[in-house]
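Colleague: Starting off with a structure, shown below.
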Amino acid sequence: MATPNASLLIAHLRQALQELPADLPLGSHRQYPFAPFSYDQNRLESTEDLAGTVSCVFKQAFGWRADSPLVLKARGTQIEATANVLEEYITKCPENSAILVKWAEDLLKAARVALGDQAALENMLNDGKPPVKRAKRTHTNKREVNGVQQTILSFKGSESSQPSKNKESLKRKAPEEEANTPSDQGESDGEDVENVEPKTWVCRGKRYPLIDSKETEHDVGRPALAFLKKASLKCQTKGYPGKERTRYRCISNDCARSWASRAVDRISKHTVKCRYVSDDLRRLAELEMVQKAPSVLAAEAESALDDTTKPKKPAPGQHCDSAKLSGQPTLRKLVGEAGRKQSSARLDVKHTYLFCQAGIPLHIADLACWKDAWNEVAPYYKTPTCSKLADALIPREASHLREEKMKLLSKETGGMTLSFDGGSTTHQSFTSISVITANRRTFLLEMPDGSGESHTGEFYKLLIETWILRLGIAKVVAIVSDNASNARNGRSLLQEAYPTIQNLPDACHKLNSLIGDICGLEEIKKIVVYARKIISHFHHSLQATALLESALLTLEINSRLRTIGNTRFANVLWAIEALIECLPGLRKIVTSGQVKIKDCDRILRGDSTGTVRFELELKQVAAVLAPIARAIVCLESPFANPADVYMHWLALAAWLQRIFKDDTIDLTPKTVEGIVLYYNHRFQEVIDDAPSDIYFTALCLDPRWRHSKVLGKSNHLAARVVLSGQKIAGNLSNEPQLQPKAYKRLGEFLYSMIGAQRGFDKKHGLKTYLTEHKTSHLKRQFDLELDLFSFGRYPFVYQDKSESPHDWWRRLACDPASLIPAFAVRIYDICPNSMVDERVMSNVTWLNSPLRNRQRIELTSSIIEVRQWANFSEKKHQLSHARKPALSFKDMERTSGHRPDPPLREGQPPLLDGAMLDLLDSTVNGLQDLYGKNQALGLHVDPDISVADLDELTELLEVSGGDGSQKGTENRKDVQVVEVSDDEDGEWGEWRP
Numbered sequence: 001m002a003t004p005n006a007s008l009l010i011a012h013l014r015q016a017l018q019e020l021p022a023d024l025p026l027g028s029h030r031q032y033p034f035a036p037f038s039y040d041q042n043r044l045e046s047t048e049d050l051a052g053t054v055s056c057v058f059k060q061a062f063g064w065r066a067d068s069p070l071v072l073k074a075r076g077t078q079i080e081a082t083a084n085v086l087e088e089y090i091t092k093c094p095e096n097s098a099i100l101v102k103w104a105e106d107l108l109k110a111a112r113v114a115l116g117d118q119a120a121l122e123n124m125l126n127d128g129k130p131p132v133k134r135a136k137r138t139h140t141n142k143r144e145v146n147g148v149q150q151t152i153l154s155f156k157g158s159e160s161s162q163p164s165k166n167k168e169s170l171k172r173k174a175p176e177e178e179a180n181t182p183s184d185q186g187e188s189d190g191e192d193v194e195n196v197e198p199k200t201w202v203c204r205g206k207r208y209p210l211i212d213s214k215e216t217e218h219d220v221g222r223p224a225l226a227f228l229k230k231a232s233l234k235c236q237t238k239g240y241p242g243k244e245r246t247r248y249r250c251i252s253n254d255c256a257r258s259w260a261s262r263a264v265d266r267i268s269k270h271t272v273k274c275r276y277v278s279d280d281l282r283r284l285a286e287l288e289m290v291q292k293a294p295s296v297l298a299a300e301a302e303s304a305l306d307d308t309t310k311p312k313k314p315a316p317g318q319h320c321d322s323a324k325l326s327g328q329p330t331l332r333k334l335v336g337e338a339g340r341k342q343s344s345a346r347l348d349v350k351h352t353y354l355f356c357q358a359g360i361p362l363h364i365a366d367l368a369c370w371k372d373a374w375n376e377v378a379p380y381y382k383t384p385t386c387s388k389l390a391d392a393l394i395p396r397e398a399s400h401l402r403e404e405k406m407k408l409l410s411k412e413t414g415g416m417t418l419s420f421d422g423g424s425t426t427h428q429s430f431t432s433i434s435v436i437t438a439n440r441r442t443f444l445l446e447m448p449d450g451s452g453e454s455h456t457g458e459f460y461k462l463l464i465e466t467w468i469l470r471l472g473i474a475k476v477v478a479i480v481s482d483n484a485s486n487a488r489n490g491r492s493l494l495q496e497a498y499p500t501i502q503n504l505p506d507a508c509h510k511l512n513s514l515i516g517d518i519c520g521l522e523e524i525k526k527i528v529v530y531a532r533k534i535i536s537h538f539h540h541s542l543q544a545t546a547l548l549e550s551a552l553l554t555l556e557i558n559s560r561l562r563t564i565g566n567t568r569f570a571n572v573l574w575a576i577e578a579l580i581e582c583l584p585g586l587r588k589i590v591t592s593g594q595v596k597i598k599d600c601d602r603i604l605r606g607d608s609t610g611t612v613r614f615e616l617e618l619k620q621v622a623a624v625l626a627p628i629a630r631a632i633v634c635l636e637s638p639f640a641n642p643a644d645v646y647m648h649w650l651a652l653a654a655w656l657q658r659i660f661k662d663d664t665i666d667l668t669p670k671t672v673e674g675i676v677l678y679y680n681h682r683f684q685e686v687i688d689d690a691p692s693d694i695y696f697t698a699l700c701l702d703p704r705w706r707h708s709k710v711l712g713k714s715n716h717l718a719a720r721v722v723l724s725g726q727k728i729a730g731n732l733s734n735e736p737q738l739q740p741k742a743y744k745r746l747g748e749f750l751y752s753m754i755g756a757q758r759g760f761d762k763k764h765g766l767k768t769y770l771t772e773h774k775t776s777h778l779k780r781q782f783d784l785e786l787d788l789f790s791f792g793r794y795p796f797v798y799q800d801k802s803e804s805p806h807d808w809w810r811r812l813a814c815d816p817a818s819l820i821p822a823f824a825v826r827i828y829d830i831c832p833n834s835m836v837d838e839r840v841m842s843n844v845t846w847l848n849s850p851l852r853n854r855q856r857i858e859l860t861s862s863i864i865e866v867r868q869w870a871n872f873s874e875k876k877h878q879l880s881h882a883r884k885p886a887l888s889f890k891d892m893e894r895t896s897g898h899r900p901d902p903p904l905r906e907g908q909p910p911l912l913d914g915a916m917l918d919l920l921d922s923t924v925n926g927l928q929d930l931y932g933k934n935q936a937l938g939l940h941v942d943p944d945i946s947v948a949d950l951d952e953l954t955e956l957l958e959v960s961g962g963d964g965s966q967k968g969t970e971n972r973k974d975v976q977v978v979e980v981s982d983d984e985d986g987e988w989g990e991w992r993p
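Under the working numbering, the first residue of the sequence shown carries the number 1, and numbering increases by one thereafter.
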């Protein structure tokens with residue numbers, strides 16, 4: 001418990017923060033992360049100092065107090081929450097609370113200064129010096145600076161209270177005060193220039209300090225826009241040879257960006273992406289750019305031209321010709337000023353999309369031949385320059401598209417998955433943040449520049465939290481990223497703050513890591529090293545490549561060698577498969593002596609034993625890696641769901657089992673043991689050690705699998721544990737049902753999801769079905785719905801084989817009083833991969849070629865946003881959605897991209913059933929002996945996965961013809977439960993089946 005003095009201090013602080021002047025801007029959570037509050041767990045673990053860790057959060061928000069007094073630059077909920085945070089952690093750290101008490105004292109002093117307390121003002125200005133004689137305050141004056149009212153204090157006995165001359169001196173000081181007071185940001189409210197760390201300008205390898213200077217009003221020339229004064233400050237370079245130069249820097253003291261002039265395009269482009277300015281100023285810059293977007297200007301020009309061509313009725317007695325009455329545009333209007341303006345606006349749009357969609361370097365726009373070509377086509381059109389494209393057209397169009405994206409996302413009724421990934425270019429580091437909607441449309445939301453920032457879990461939490469609040473907590477169902485330590489920590493912090501959002505690691509990265517693990521085994525590593533040597537030789541020798549090309553043409557082989565890179569998943573497999581197909585050509589040129597490869601001639605010469613053995617070993621490596629690559633490609637699809645993740649790991653185990661039993665593959669026992677060990681390790685990371693049991697739950701919720709023996713009795717490696725049958729729903733216990741262990745795991749996870757959502761709705765005062773009904777009512781309804789689903793009774797009867805589980809649950813969730821269907825839809829809305837951000841990273845690499853490697857990430861992100869929007873086709877998206885999943889696990893040629901999918905014939909059902917049958921076929925055939933005769937193999941899938949005899953497993957292949965329910969059970973049973981008569985609403989607690 002805090003001491004009485006500390007408690008009194010916190011009470012005064014809380015009252016002062018609630019009374020802060022209304023002219024202060026509202027503080028954003030990004031700059032003041034106190035509601036909700038969290039700290040860096042890594043720092044706490046390394047220092048074991050909770051008070052110091054909390055103090056670091058305050059230091060990042062308010063700045064270092066040793067250089068200047070603390071000044072409050074904002075107000076609102078985030079600022080007021082500092083009192084609650086200090087009170088909580090002063091109580092938790094009684095022995096080391098001095099630093100937190102000092103923060104409370106400094107914040108109280110700063111709040112009183114903002115409120116006009118003269119004593120606090122003098123103490124802050126003297127900062128330890130002897131106090132000066134206090135003057136009595138008489139009145140306050142307010143003046144407007146940059147659109148924001150500032151308070152000027154007047155005191156008796158002070159010079160400002162003297163008439164005439166002193167008033168004139170006050171007027172003369174106003175411009176200087178105005179220059180030093182950032183308007184909308186609260187970055188330097190009342191703060192002297194000397195107290196701000198000077199920014200620097202780098203010119204020709206030298207740094208020159210930027211000193212803020214006063215703003216002067218010019219009597220001639222065009223006046224500066226009000227937005228520019230709010231977003232930038234005038235500065236002078238110090239130490240520059242010759243005459244000092246005038247520059248303009250970003251309004252935020254935390255940002256080092258500056259410009260040679262107040263160009264509205266460049267400043268607004270930066271303000272939209274700057275992380276240090278307030279949300280209000282960023283929104284103002286966004287509106288400034290949207291109004292001038294090429295698409296918007298083209299629409300306005302077309303509208304203006306249409307208005308001029310509308311027929312106008314003549315006044316009574318006034319003659320009008322037939323052309324005017326018909327509304328037909330005259331030749332003058334078509335080729336005149338209005339027509340040229342409309343055509344130029346449309347060509348600006350075409351230019352913008354051409355450069356973004358085709359990835360053309362922007363400097364092409366400055367070439368004389370480019371301008372001459374357009375001059376021949378449209379002499380009246382002035383082609384945009386490289387600077388205009390980079391500073392105006394592309395950023396403005398990206399801002400316009402962001403507005404359109406937010407309109408679309410605001411209309412989304414399904415759950416959305418947020419995905420993020422970190423990356424870097426030659427000069428900058430950044431974070432890609434994307435969203436995947438329930439119908440699997442993807443949008444890049446933001447690519448903030450993170451250069452100079454420590455990319456910790458807390459850093460990622462603050463970035464993603466901004467978008468969670470903007471999109472709506474209820475709409476975001478999951479957060480997905482790779483499993484790097486900082487990204488994993490960020491997801492954990494977000495799930496702690498928002499329990500209704502699921503935390504998922506990317507489903508593909510671990511499979512790719514499994515390939516890396518297997519390639520590190522001694523027997524397989526030797527083959528991969530030989531393959532790398534051969535491929536590298538031809539990659540660096542044009543003569544050898546030409547000879548190989550000629551030999552392959554002679555042998556009528558269409559394949560070519562592929563390099564082994566580090567960016568594409570399963571690239572080792574694709575390179576080895578290409579090498580196997582090119583082996584005849586390699587043998588021909590090596591045997592003839594045309595090409596010599598160091599250390600590899602003996603394995604490529606003629607039909608020797610070494611050549612045959614090398615080909616066999618390559619095929620063995622390909623056979624081991626192929627099923628993993630198939631699973632990766634299938635799970636990379638945006639139409640994948642959490643059930644697919646679990647299913648593909650089962651299928652992978654089945655295929656590995658089949659490979660190890662095949663007599664044509666001769667791997668040593670040590671290699672087989674290593675593969676099994678690595679598989680078990682990665683399976684445990686992805687499934688067993690997952691933040692939640694969502695993968696198993698999603699598989700159980702698939703109506704085609706609920707009565708499957710794969711989800712049968714507990715069956716471990718060493719021994720079989722037989723569980724007694726659990727009585728469910730009384731008179732229904734003799735019907736086929738979900739297996740007891742699976743029933744329990746499914747119920748526990750769904751019950752925890754409902755409890756988390758109910759707690760969230762209650763906390764925020766939302767009136768929903770979960771909050772309007774008592775706990776006992778919801779528990780009974782949940783138990784009944786779970787029992788009915790387990791037995792496949794109405795309404796949980798799966799009859800339409802062409803209907804996907806996702807669509808089936810959506811149809812059931814149309815009833816607003818349903819529990820399990822609503823949360824099953826949220827689970828199937830989740831996209832379990834972050835491939836959308838991987839594709840963004842590929843775009844960044846492609847756009848930052850050597851021809852444009854100085855391109856800033858702000859421009860790159862705008863190009864990607866325009867390109868992503870332009871490349872989207874609603875027709876193709878609907879076709880892909882109808883054919884999900886379009887990849888067959890067993891079809892290697894189609895999976896690797898060698899053979900396209902056949903077109904759908906008229907009346908042909910989607911490929912869903914065929915792909916699932918392939919998957920089930922591979923899983924069943926491999927799992928039949930997984931825990932049987934060959935238990936020494938050691939492949940561990942899951943303790944709750946069971947395999948029955950072959951005849952029972954073969955029935956699983958009839959899933960496409962079954963409905964997941966027992967025949968003769970169509971008698972309807974209403975799932976609604978009569979309201980109970982409990983007077984009080986009990987705690988949610990744990991589920992007891």
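In this text, a Cβ means the ideal position worked out from N, Cα and C, and glycines have one as well.
Measure the C-alpha to C-alpha separation of residue 55 and residue 111 and round it to an integer number of angstroms.
Modeller: 19 Å
Colleague: Using DSSP's beta-bridge definition, name the partner residues of residue 1045.
Modeller: Here the chain has residues from 1 to 993 only, and residue 1045 is not among them.
Colleague: When you compare only the Cα positions, how much space is there between residue 457 and residue 697?
Modeller: So the two alpha carbons sit approximately 28 Å from each other.
Colleague: With distances taken Cα to Cα, identify the nearest neighbour of residue 474 among 416, 577, 435, 486.
Modeller: 416
Colleague: By alpha-carbon positions, which one of 762, 756, 688, 776 ends up nearest to residue 745?
Modeller: Measuring C-alpha to C-alpha distances from residue 745 to each of 762, 756, 688, 776 identifies 688 as the nearest.
Colleague: What is the rounded straight-line gap between the Cα of residue 558 and the Cα of residue 552?
Modeller: Taking the Cα positions, residue 558 is about 7 Å away from residue 552.
Colleague: Which partner residues of residue 37 appear in the DSSP bridge assignment?
Modeller: Note: residue 37 sits in a beta bridge opposite 34.
Colleague: Please list, in chain order, all residues of the same chain as residue 9 whose beta carbon is under 6 Å from its beta carbon, the five residues on each side excluded.
Modeller: 104
Colleague: Count the other C-beta atoms from every protein chain shown that fall within 10 angstroms of the C-beta of residue 27, then say buried if there are 16 or more, exposed otherwise.
Modeller: That one is buried.
Colleague: Determine the extent of the alpha helix (DSSP H) in which residue 872 is found, giving its start and end residues.
Modeller: Careful: residue 872 lies outside any alpha helix (DSSP H) and carries neither H nor E.
Colleague: Tell me whether residue 829, by its Cβ, gets closer than 8 Å to a heavy atom of the ligand GDP.
Modeller: The ligand GDP is absent from the structure shown, which contains no ligands of any kind.
Colleague: Residue 1004 to residue 225, Cα distance in whole Å?
Modeller: This structure gives no information on residue 1004, because the portion of the chain shown stretches from 1 to 993.
Colleague: Determine the DSSP secondary structure at residue 956, reduced to helix, strand or coil.
Modeller: With a pLDDT of 31 at residue 956, under the threshold of 50, the modelled position of this residue cannot be trusted; read the value that follows with caution. It is helical.
Colleague: Does the segment 285 to 296 touch the segment 391 to 400, meaning 3 or more C-beta pairs lie closer than 8 Å?
Modeller: yes
Colleague: Does DSSP put residue 730 in a helix, in a strand, or in coil?
Modeller: Legend: pLDDT at residue 730 = 41, less than 50; position of this residue unreliable, value from coordinates given subsequently. Reduced to three states, the DSSP call for residue 730 is helix.
Colleague: Pull the bridge partners of residue 27 from the DSSP assignment, please.
Modeller: Note: residue 27 sits in no beta bridge, so no partner.
Colleague: Residue 639 by DSSP, collapsed to three states: which one?
Modeller: Three-state DSSP puts residue 639 in coil, outside helix and strand.
Colleague: Roughly how many angstroms separate the alpha carbons of residue 811 and residue 799, rounded to a whole number?
Modeller: 13 Å
Colleague: With respect to the alpha helix (DSSP H) encompassing residue 82, which residues constitute its N-terminal and C-terminal limits?
Modeller: 77 to 92
Colleague: Would you grab the beta carbon distance between residue 844 and residue 434 for me? Rounded to a whole angstrom, and I think it's under 8 Å.
Modeller: At roughly 13 Å, the Cβ-Cβ gap does not stay under 8 Å, so residue 844 and residue 434 are not in contact.
Colleague: For the beta strand (DSSP E) containing residue 237, list its first residue and its last residue.
Modeller: 232 to 237
Colleague: Classify residue 364: buried if its beta carbon has 16 or more other beta carbons within 10 angstroms, exposed otherwise.
Modeller: exposed
Colleague: Could you check if residue 617 is buried or exposed, using at least 16 other CB atoms within 10 Å of its CB as the buried criterion?
Modeller: buried
Colleague: Taking C-alpha atoms, which residue in 41, 388, 487 lies nearest to residue 418?
Modeller: 487
Colleague: Distance check for residue 21 and residue 212, CA to CA, integer angstroms please.
Modeller: 26 Å
Colleague: What would DSSP say about residue 250, mapped onto helix, strand or coil?
Modeller: strand
Colleague: Once you ignore the five residues that flank residue 349 on each side, which residues in its own chain have a CB closer than 7 Å to its CB?
Modeller: 294, 295, 298
Colleague: Considering only DSSP beta bridges, list what residue 379 is partnered with.
Modeller: Bridge partners of residue 379: none, in fact.
Colleague: My understanding is that residue 17 touches residue 82, with C-beta atoms under 8 Å, so please give their C-beta distance in whole angstroms.
Modeller: 7 Å
Colleague: Kindly indicate which three-state DSSP category residue 17 falls into: helix, strand or coil?
Modeller: helix
Colleague: Does residue 49 come out as helix, strand or coil in the three-state DSSP assignment?
Modeller: Three-state result, residue 49: coil.
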